[in-house]
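Each residue of the sequence shown is one higher than the one before, starting from 1 at the first, in full-length UniProt numbering.
See below for the structure under consideration.
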Amino acid sequence: MGTKEQKDKFLTGFADGTYVGCFGLSEPGAGSDVGAMLTTAKLEGDHWVLNGTKAWVTSSHESKAAIVFATVDKSKKHKGITAFLIPIPTEGFSLGKKEDKLGIRASSTSNLILEDVRIPKENLLGEVGGGFKLAMKMLAQVRVRIGISSQALGIAQAALDCAVDYASKRIAFGGPIIKFQSVQSRIADMALRLESARLLTWRAAVIRDTGERSTKYSSMAKLAASEAATFVSHNCIQILGGMGYVTEMPAERHYRDARITEIYAGATDVQKLVIADHIAKEYGISTR
């Protein structure tokens, strides 16, 4: 996706990790319902003029460029959505306050505010009206859903490691609590959920690498891994007891970080809809 000129201009520095970019799709009144988007884009001569607000943008304050989605015709709903490349800084482009979040505090999250932002028409990404398909493709591919799955697996693994380490050292009733059957049962359940999600994520990645359509499997991986992260981090706190509730130990951070994996890049309920839709199609049934 993108012209040679766009790649030459925007990819340098981003591909090697020198710079960070952000992705503005959600809005204060339009999260999963992308068709309700209110941010507009109007072509005036050789420039597009954008107005609106984007919400929940990850790494917004660290970014050097943004992919922003806006509608060129509200009556067309999702068919009017178009993608644009905006360098940061650009006149009329500003950032909202950093959100004080439950987790993932290492990166900023804020609104993107566009007030008569003028960008060259060459900054159109893809085709007019092609933004919705582009956004869905980006959310479905390895770099997003499988990427979030991998993030969730890392959180779950860290929580399991923390729980096992603590249980092997915490002495109660004359021995380490890992000898208690109730603790062993929790650890077994945690490991089972983690490894099941890991295998689903690997399968989704392999299918993607072969060039086959991987939307169903990437959604399955994202759903399984995010729920596993929440489950494992919750049980980690239970094993640690009071020590799991204090910031002295990493358990509470794992729990806080896990929660976002069930929300961004497609919430849990959205993943279930995607999975069910693909399964129905495999049986020749329409869900629309």
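Beta carbons are placed, not taken as given, at the ideal position from N, Cα and C, and that holds for glycine.
Residue from Lys-169, Gly-174 and Thr-268 with nearest C-alpha to Ser-149: Thr-268
Whole-angstrom distance between Trp-48 and Ile-239, CA atom to CA atom: 56 Å
Candidates Lys-42, Ser-59, Arg-253 and Val-57: closest to Asn-51 by CA position: Lys-42
Presumed contact (8 Å Cβ cut-off) between Arg-186 and Asn-235, rounded CB distance: 5 Å
Sufficient close CB pairs (3 or more, under 8 Å) joining the region 113-120 to the region 184-204: no
Whether Leu-25 touches Phe-69 by CB criterion (8 Å): yes
Three-state secondary structure (DSSP) of Ile-88: coil
C-beta contact flag for Leu-112 and Val-34 at 8 Å: no
Proximity of Ala-265 and Arg-145 at Cβ, strictly below 8 Å: yes
Per-residue DSSP class, three states only, for Glu-27: strand
Distance between Thr-247 and Gly-2 (C-alpha atoms, nearest Å): 45 Å
Range of the contiguous beta strand (DSSP E) that encloses Thr-268: From DSSP, Thr-268 is part of no beta strand (DSSP E) but of the alpha helix (DSSP H) over 268-282.
Inter-residue spacing [alpha-carbon to alpha-carbon] between Met-249 and Met-243: 7 Å
Exposure of Leu-134, with buried meaning 16 or more beta-carbon neighbours within 10 Å: buried
Contacting residues, own chain, Cβ-Cβ under 7 Å from Ile-260 (five flanking each side not counted): Gly-103 and Ile-104
Residues near Phe-10 by beta carbon distance below 7 Å, same chain, minus five either side: Ala-65 and Leu-85
Neighbour-count burial assignment, Tyr-283, 16 or more Cβ in a 10 Å radius: exposed
Proximity of Thr-230 and Glu-262 at Cβ, strictly below 8 Å: yes
Length of the line joining the Cα atoms of Pro-87 and Thr-12: 13 Å
Per-residue DSSP class, three states only, for Asp-116: strand
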